[in-house]
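Just so you know, we're using UniProt numbering here: the sequence shown kicks off at 1 and counts up by one. Beta carbons: idealized from backbone N, C-alpha and C, even for Gly. Source: prediction; values computed, not measured.
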Amino acid sequence: MTKQKFASESLTTMTEMVLPNDTNTLNNLMGGRLLHLMDICAAITAQKHSNRVVVTASVDNVSFSAPIPLGSVVTLRSWVTRAFNSSMEVYIEVHAENIPAGERLMSNKAFFTFVAVDQLGRPIDVPAAVPQTDEEKALFDSALRRRQLRLVLAGRLKPQDATELRALFELETA
Ligand SMILES: CC(=O)SCCNC(=O)CCNC(=O)[C@H](O)C(C)(C)COP(=O)(O)OP(=O)(O)OC[C@H]1O[C@@H](n2cnc3c(N)ncnc32)[C@H](O)[C@@H]1OP(=O)(O)O
1 MTKQKFASES
11 LTTMTEMVLP
21 NDTNTLNNLM
31 GGRLLHLMDI
41 CAAITAQKHS
51 NRVVVTASVD
61 NVSFSAPIPL
71 GSVVTLRSWV
81 TRAFNSSMEV
91 YIEVHAENIP
101 AGERLMSNKA
111 FFTFVAVDQL
121 GRPIDVPAAV
131 PQTDEEKALF
141 DSALRRRQLR
151 LVLAGRLKPQ
161 DATELRALFE
171 LETA
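Structure follows, in structure tokens:
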């Protein structure tokens with residue numbers, strides 16, 4: 001298997017129009033529908049990086065700060081920020097556009113974690129992700145901190161073992 005891949009090789013873009021079936025009673029895109037689209041786009045990204053079947057292991061905080069009205073064009077863009085052993089962190093950002101009005105805003109961004117699995121659902125190692133641009137490098141550098149935070153919150157890592165978080169809060173290591 002390839003030992004490493006550029007982050008840009010996993011770049012995925014998806015574009016959808018918000019239709020009546022996607023909306024709530026205020027004619028805005030349902031949050032769950034948006035999460036579904038984000039999950040698909042991010043999963044394709046993780047597949048591109050690993051060339052494996054992938055499963056969603058976790059989704060970090062997603063905020064819905066502005067409603068996305070019926071008729072908007074939603075563009076999702078994602079790439080693998082960093083790969084660990086079998087898991088990959090995927091960054092995804094969502095833009096909503098009113099094309100006739102010439103308006104475009106970033107509506108959401110989030111980090112998903114996917115795990116590559118074999119045919120029996122067992123985790124399997126993936127290539128390292130190599131960042132190239134400044135943005136990719138910044139997200140790569142901060143990925144270990146986010147990984148430790150989500151694993152602590154999931155009860156999979158003891159807070160005292162979260163070295164990056166301890167350094168962030170300048171806690172004593174002794
Ligand atoms: C695309 C989709 O929507 S798929 C459908 C929704 N998702 C699912 O059904 C997944 C269900 N969950 C699972 O199958 C399992 O819990 C798995 C495959 C995610 C993990 O399996 P485990 O037996 O716990 O494996 P293990 O403890 O070895 O962990 C494997 C990796 O998952 C990571 N992981 C496990 N849980 C989490 C979590 N909550 N958040 C982030 N990463 C996690 C681990 O850190 C590890 O990463 P690493 O290999 O890079 O170090």
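Short of 8 Å from the beta carbon of Phe64, and not among the five residues preceding or following it, lie these beta carbons of its own chain, in chain order: Gly31, Leu34, Ser107, Asn108.
Remark: the C-beta of Asn51 is outside contact range of ligand 1, defined as less than 7 Å to any heavy atom. The criterion of a C-beta distance shorter than 8 Å is not satisfied by Ala167 and Val90. Contact check between the segment 137 to 146 and the segment 94 to 107: fewer than three CB pairs, one atom from each, fall below 8 Å, which does not count as touching.
Val115 places its beta carbon 8 Å or farther from that of Ala7. For Ser142, the enclosing alpha helix (DSSP H) starts and ends at 134 to 153. Counting other Cβ atoms within 10 Å of its Cβ, Phe169 stays below 16 and is therefore classed as exposed. In this structure, DSSP gives Pro20 a helical state, which the three-state scheme calls helix.
Excluding its 5 nearest sequence neighbours in each direction, Gln47 has C-beta neighbours in its own chain below 8 Å: Val53, Val54, listed in chain order.
When the Cα atoms are used, Leu70 and Asn21 turn out to be separated by approximately 10 Å. By the criterion of a C-beta distance shorter than 8 Å, Arg146 is surrounded in its chain by Asp60, Glu89, Phe111, once the five residues flanking it on both sides are discounted. In the DSSP assignment, Arg33 falls within the alpha helix (DSSP H) that extends over 31 to 50.
For the pair Leu26 and Ser72, the Cα-to-Cα distance works out to about 14 Å. Where Arg166 is concerned, the enclosing alpha helix (DSSP H) starts and stops at 163 to 168.
Put simply, of Ala143, Ala57, Pro67 the residue whose alpha carbon is nearest the alpha carbon of Arg156 is Ala57.
For Glu9, no beta strand (DSSP E) encloses it, and the DSSP letter there is neither H nor E.
In this structure, ligand 1 has a non-hydrogen atom nearer than 7 Å to the beta-carbon of Phe84. At a Cβ-Cβ threshold of 8 Å, Val18 and Val62 do not count as neighbours.
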